[in-house]
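full-length UniProt numbering puts the first residue of the sequence shown at 1, with every later residue one more than the last.
Heads up, the beta-carbon is just placed ideally off N, CA and C, and yes, glycines get one too.
Report on the structure given below.
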Amino acid sequence: QITTVSGNEFLLQSDIDFLILDWFHAIKNAIDRLSKERSCTSRNLEFKLRRSSSIELLNSLDTESKEPKPEHRKSLIFRLNYSASDTNDRNRVKSRLKKFISRRPSLKTLQEKGLIKDQIFGSHLHLVCEHEKSTVPQFVRLCIKAVEKRGLEVDGIYRVSGNLATIQKLRFVVNQEEKLNLDDSQWEDIHVVTGALKMFFRELPEPLFPYCFFEQFVEAIKIQDNATRIKSIRSLVKKLPRPNYDTMKILFEHLKKIAAKESVNLMSTQSLGIVFGPTLLRPEKETGNMAVHMLYQNQIVELMLSEYSKIFSSEED
């Protein structure tokens, strides 16, 4: 998955590992070839796109106003000289805005007063579960139920993207309303439901496979002996926090049903590994081993689907 400076997102997928590596190296080489001058000229654009507080943006107005602007970008109004009173008025407005922003109630205060409801998307998994008094988010259960009802045999299920605008609309509804009916006609495209479910896992502040477990899972998947590899993965899964374990179990059970219909929906365990690998587990800090990590991520998901009964079995060794 690639996100550009302008905010565009591209998802490149393939079942062939060496082809994925070729893509990665080609993209990386293209980025490395970008000249330093171009990065300097785009600095202003990057500043406006980056996240910052409102006060930071107000403070930046002082420095921006002092920078000379090209003649063709000036309107006739700005060619006039500002009087001292104009400058004072501008400073007074900025000062009032700063005070207003600094006095805004915190998100926690607004939530306590019931003005803003707890968010589902973008919240920590354990917080969502605590709020719902469960160990698996209700939204995850609803999506799985909808897909198993009308999407098991859909070609490219979970691989094909749904309409992003409709997915964002569903996201908004989930965050604002308590009741959700995925049988409603506005959600009839099952790819919208699968897209929203993937977005939910992608937006978790900490992935379904917690950061502290990432390297351990990677080391486990490297084990050559298959029986030992499965045993090691199973041991790690059993150590996960209860919300993570229960959500993972119900999700992988669902994906196993998807893979069982491979002859119809063309989604093998390998295909599902490619789709869900980077979504469910990732390192806390990206390093130069991103391409290698991506292969391990896919393989971990693929193995857990293939050996689901052994890994999630309640029987003790």
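Contact check, N244 vs L127 under 8 Å by CB: the rounded distance?
That belief does not hold up - the Cβ atoms of N244 and L127 are roughly 13 Å apart, past 8 Å.
Taking DSSP as the reference, what is the three-state secondary structure of T279?
helix
CA-to-CA distance, M199 to D155, given in whole angstroms:
20 Å
Residues bridged to I2 [DSSP beta-bridge criterion]
F10
For a test of the three-state rule: what should DSSP assign to G273, helix, strand or coil?
helix
With DSSP run on the structure shown, which of helix, strand or coil describes N244?
helix
Are the region 252-269 and the region 139-158 in contact at 8 Å, needing three or more beta carbon pairs?
yes
Does the beta-carbon distance from R190 to E307 come in below 9 Å?
For the sequence presented, residue 190 should be read as Ile rather than Arg. No. Outside cutoff.
Through-space distance from F10 to N289, alpha-carbon basis:
20 Å
Would you tell me roughly how many angstroms separate the C-alpha atoms of K99 and Q176, rounded to the nearest one?
29 Å
Nearest to V264 (by Cα), restricted to the options L152, I31 and V93
L152
CA-CA distance, I2 and M294?
13 Å
Where R103 sits in the DSSP three-state scheme
coil
My assumption, with CB atoms under 8 Å, is that K239 sits in contact with F312. Please give the rounded CB distance.
Wrong, their Cβ atoms sit about 13 Å apart, outside the cutoff.
Tell me which same chain residues have a C-beta within less than 7 Å of the C-beta of D246, skipping the five on either side of it?
T135 and V136
For Y158, which of helix, strand or coil comes out of DSSP?
coil
Assign I31 to one of three DSSP states: helix, strand, or coil.
helix
Q176 - containing alpha helix (DSSP H), residue span:
L164 to Q176
If I measure Cβ to Cβ from P283 and keep anything under 8 Å in the same chain, skipping five residues before and after, which residues do I get?
Y211, F214, E215 and H293
Simplified DSSP assignment, three categories, for L305
helix
Which value, in whole angstroms, describes the spacing of the CA atoms of E219 and D184?
44 Å
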